[in-house]
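**Q** Take a look at this one; I'll ask things after.
Residue numbers (my numbering): 977 to 1210.
Written out as structure tokens, the structure reads:
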């Protein structure tokens, strides 16, 4: 009943601070699988997706004040999808993976979106891990390899000297914690999406995998903010 009440409040046009507080409470409650059973419905998933800007392609990331709401809604969706097989099935019906890919595109070349990007990538990782149909959809329909590789390239701030050769800067500063976390989530999602890619048939696929290999080499030469984070990244 508490979760249902929170979602009813979130469905209304309430203040940003109220939305964030409600989503933080829901995120904590959503760690309990028993609590999730009655609230994992199509309607409730759509409420959270709307708050996470997982709607129309035309809905841009313009108001920085909304960013904390987007991040908290993505965190809630991560918990719900991880803990609920019903939510995993609804994700396919609601075309959640496509919406997440669209949100990643909106994050390109924008400031202050690292947290949004990180939890978007984490959700793509969870979907590709837990639902084989979504993994196939990402690979075949949504150009998932390209989208995730570009997200990884952006997180690592790769500069190119040749088509498949990244610039090596030995004096480069370590990645920030946010950049490192984004790169790690992109790598995890990429692993899932390319898991069954033993046979590369087309010229475009060959290009994508050579491009990804160059970025992975660059990743191995990159350091994180701490020794532990660098180890996790590699």
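Built from N, CA and C at the ideal position, the CB exists for glycine as well.
Give me the residue from 1158, 1139 and 1147 with the minimum Cα distance to residue 1096.
**A** As a first step, residue 1096 is located in the chain shown; it is residue number 120 there, counting from the start. Among 1158, 1139 and 1147, the Cα nearest to that of residue 1096 is on 1158.
**Q** For residue 1137, name the three-state secondary structure that DSSP assigns.
**A** Position 161 of the chain shown, counted from the start, is the residue given in the question as residue 1137. Correct three-state label for residue 1137: strand.
**Q** Can you pull the DSSP bridge partners for residue 1142?
**A** The sequence position of residue 1142 within the chain shown is 166, counting from 1. According to DSSP, which records beta bridges pairwise, residue 1142 is partnered with 1136.
**Q** Counting only runs of 4+ residues fully inside the region 1001-1089, write out the alpha helix (DSSP H) ranges in chain order.
**A** With a minimum length of 4 residues, the continuous alpha helix (DSSP H) runs that stay inside the region 1001-1089 are 1009-1012, 1018-1027, 1043-1059, 1061-1069 and 1072-1083.
**Q** From residue 1193 to residue 1141, what does the alpha carbon distance come to, in whole angstroms?
**A** Along the chain shown, one-based indexing puts residue 1193 at 217. Along the chain shown, one-based indexing puts residue 1141 at 165. Taking the straight line from one Cα to the other gives about 9 Å.
**Q** Should residue 1130 and residue 1084 be called a contact, given that it needs their Cβ atoms to be closer than 8 Å?
**A** As a first step, residue 1130 is located in the chain shown; it is residue number 154 there, counting from the start. As a first step, residue 1084 is located in the chain shown; it is residue number 108 there, counting from the start. Yes; because the gap between Cβ atoms is below 8 Å, this pair is in contact.
**Q** Taking the C-alpha atoms as reference points, what is the distance between residue 1020 and residue 983?
**A** For the purposes of this step, residue 1020 is taken as residue 44 along the chain shown, with counting starting at 1. For the purposes of this step, residue 983 is taken as residue 7 along the chain shown, with counting starting at 1. Approximately 7 Å, taken between the alpha carbons.
**Q** Along the chain, where does the alpha helix (DSSP H) that runs through residue 1182 open and close?
**A** Taking the chain shown and counting its residues from 1, one reaches residue 1182 at position 206. Its alpha helix (DSSP H) spans residues 1179-1196.
**Q** Which same chain residues end up closer than 6 Å to residue 1082 when comparing Cβ atoms and leaving out the 5 residues on each side of it in sequence?
**A** Within the chain shown, numbered from 1, the residue matching residue 1082 stands at position 106. Only 1037 meet the Cβ criterion.
**Q** Measure from the alpha carbon of residue 1068 to the alpha carbon of each residue in 1104, 986 and 1147, then state which is nearest.
**A** By one-based count along the chain shown, residue 1068 stands at place 92. Considering only alpha carbons, the answer is 1104.
**Q** Less than 8 Å between the beta carbons of residue 1057 and residue 1088, yes or no?
**A** Locating residue 1057 in the chain shown gives position 81, where the first residue counts as 1. Locating residue 1088 in the chain shown gives position 112, where the first residue counts as 1. Not closer than 8 Å, so no.
**Q** Following the continuous alpha helix (DSSP H) through residue 981, name the residue where it begins and the one where it ends.
**A** As a first step, residue 981 must be located in the chain shown, where it is residue number 5. 978-987 is the span of the alpha helix (DSSP H), which, as asked, contains residue 981.
**Q** I need the DSSP call for residue 1155, collapsed to helix, strand or coil.
**A** Residue numbering aside, residue 1155 sits at position 179 when the chain shown is read from its first letter. Reduced to three states, the DSSP call for residue 1155 is helix.
**Q** For the region 1195-1209 and the region 1177-1186, state whether three or more C-beta atom pairs, one from each stretch, are separated by less than 8 Å.
**A** Touching, no.
**Q** How would you write the range of the alpha helix (DSSP H) that residue 1148 sits in, first residue to last?
**A** By one-based count along the chain shown, residue 1148 stands at place 172. Segment: none, residue 1148 is in no alpha helix (DSSP H) and carries neither H nor E.
**Q** How would you call residue 1167, buried or exposed, if buried means at least 16 neighbouring beta carbons within 10 angstroms?
**A** Taking the first residue of the chain shown as position 1, residue 1167 is located at position 191. Exposed, because fewer than 16 other Cβ atoms sit within 10 Å of the Cβ of residue 1167.
**Q** Candidates 1171, 1043 and 1048: which alpha carbon is nearest residue 1112's?
**A** On the chain shown, position 136 is the one that residue 1112 refers to. Closest option to residue 1112, Cα to Cα, is 1171.
**Q** Give the single residue among 999, 1016, 1012 and 1059 whose Cα lies nearest to the Cα of residue 1044.
**A** Residue mapping note: residue 1044 aligns to position 68 of the chain shown, counting from 1. When each option's Cα is compared against that of residue 1044, the closest is 999.
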